[in-house]
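Sequence positions in the sequence shown follow mature numbering (1 follows the signal peptide of the UniProt record, and there is no 0) and run -19 to -1, 1 to 171. Beta carbons are placed, not taken as given, at the ideal position from N, Cα and C, and that holds for glycine. Since the structure comes first, as C-alpha cells, the remarks are kept for the end.
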Amino acid sequence: MSRLTLFAAALLVAAPLSAQDLSVYGSADAGQMVPYDAATRTVSNEALQSTLYELISLKHADHQAHWNVVGPQFYSLHDLLGDLYGALDPYIDQIAERQRALGMAADGDPGRAASGDGLDAFPEGLLADYNVPKILSERYMTVIERIEMRVTETGDAGDSVTQDLLIGTAHELEKHLWMLRSFQRQADGQ
C-alpha cells in the first residue's frame, strides 16, 4: 500500500462520523432559499443568460482578432485585444455566478453562446488592422445597447443586485469601446 493510501485511510478513521456522513449537509429548505419571487428571477435569468452568451461571444471575437490581425498596427492591436479578452473573464464569471445565486443554471457552452448571442458571425481568416476596431466596435455597441435595456428590465422587476451587476458590466464594455474607438479617430476629432 502506498503512503498516500495509508494517509487517506488514517484520515477517514480519524474523522468524526458526522464528517463521513454527507447526509448531514442536506436541507429540504435549501432550494427555497433564493432571493426574489419566481417572476423576478425569470426576468433576471433571461437578462443574465443573454448577457452571458454575448460576453462569451465578445471574448471569442476579441481573441479571434488578437490572433488574426495583420498590418502596420498589428502589435498595438494584438496587445490591446489581449487585454480586452482577458478583462472579460471576471464579468463572464460574475454573470454566471449571479444566475447560480438566483437558483438558475448558467449556460456557457460555446456552441449555444454562438447561436444564442444574436450577433452576426465574426469574420474568418486574416483581418486587416484598419478593419478590426470598426468590426469590434459595432459588436460592443450592440451588446452595450442590449445590456442597457436589461438594466431597465431588471430594475423594473425589482432585482437591484442584477441591475447593478449589469450596470458594472456595461461600464466595462463602454471602456473597451472607447479604446477601440480611439483607433478610428484622428486628433482633430474626426
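| Which residue or residues does DSSP assign as beta-bridge partners of L108? | Per DSSP, V50.
| Can you tell which of S118, A109, L146, L83 has the C-alpha that lies nearest to the C-alpha of L100? | Selected option, being the one with the closest Cα: S118.
| task | Tell me whether Y17 sits in a helix, a strand or coil according to DSSP, three-state version. | result | In the structure shown, Y17 adopts coil according to DSSP, grouped into three states.
| query | Which word fits D64, buried or exposed, when buried means at least 16 other C-beta atoms lie within 10 angstroms of its C-beta? | reply | Under a 10 Å Cβ-count criterion, D64 is classified as exposed, with fewer than 16 other Cβ atoms of the shown protein chains found around its own Cβ.
| said: I'd like the span of the alpha helix (DSSP H) that includes V142, first residue to last. | reply: For V142, the enclosing alpha helix (DSSP H) covers residues 141 to 163.
| message | Considering Cα atoms alone, identify which of R120, E153, H44, Q54 is closest to D110. | response | When C-alpha distances from D110 are compared across R120, E153, H44, Q54, the shortest belongs to Q54.
| In angstroms, rounded to a whole number, what distance separates the CA positions of S38 and R(-17)? | Rounded to the nearest angstrom, the two C-alpha atoms are 47 Å apart.
| query | Between which two residues does the alpha helix (DSSP H) containing G89 stretch? | reply | Where G89 is concerned, there is no enclosing alpha helix (DSSP H), because DSSP gives it neither an H nor an E.
| DSSP state of R166, grouped into three classes? | Assignment of R166 by DSSP, reduced to helix, strand and coil, places it in the coil class.
| query | Looking at L161 and P114, is the spacing between their C-beta atoms short of 8 Å? | reply | Yes, they are a contact pair.
| Cβ neighbours of H47 in the same chain (closer than 7 Å, five flanking residues each side left out) | If the five residues before and after H47 are omitted, its C-beta is found closer than 7 Å to the C-beta atoms of H59, L62, G63, Y66, all from its own chain and listed in chain order.
| request: Look at the alpha carbon of D137 and the alpha carbon of T23, and state the distance between them as a whole number of angstroms. | output: Taking the straight line joining both Cα atoms gives about 13 Å.
| field | Sequence-distant residues of the same chain with beta carbon closer than 7 Å to A42, five excluded per side | value | The residues F103, L117, R120, in chain order, have a CB closer than 7 Å to that of A42 in the same chain once the five nearest residues on each side in sequence are set aside.
| Residue burial classification, E105 (beta-carbon count within 10 angstroms, cutoff 16) | E105 counts as exposed, since fewer than 16 other beta carbons sit within 10 angstroms of its beta carbon.
| message | What does the Cβ neighbour count give for T133, buried or exposed, with the cut at 16 atoms within 10 Å? | response | With a 10 Å radius around the Cβ and a threshold of 16 neighbouring Cβ atoms, T133 comes out exposed.
| request: Output the distance between the C-alpha atoms of Y56 and D98, rounded to the nearest integer angstrom. | output: Their backbone Cα atoms lie some 29 Å apart in a straight line.
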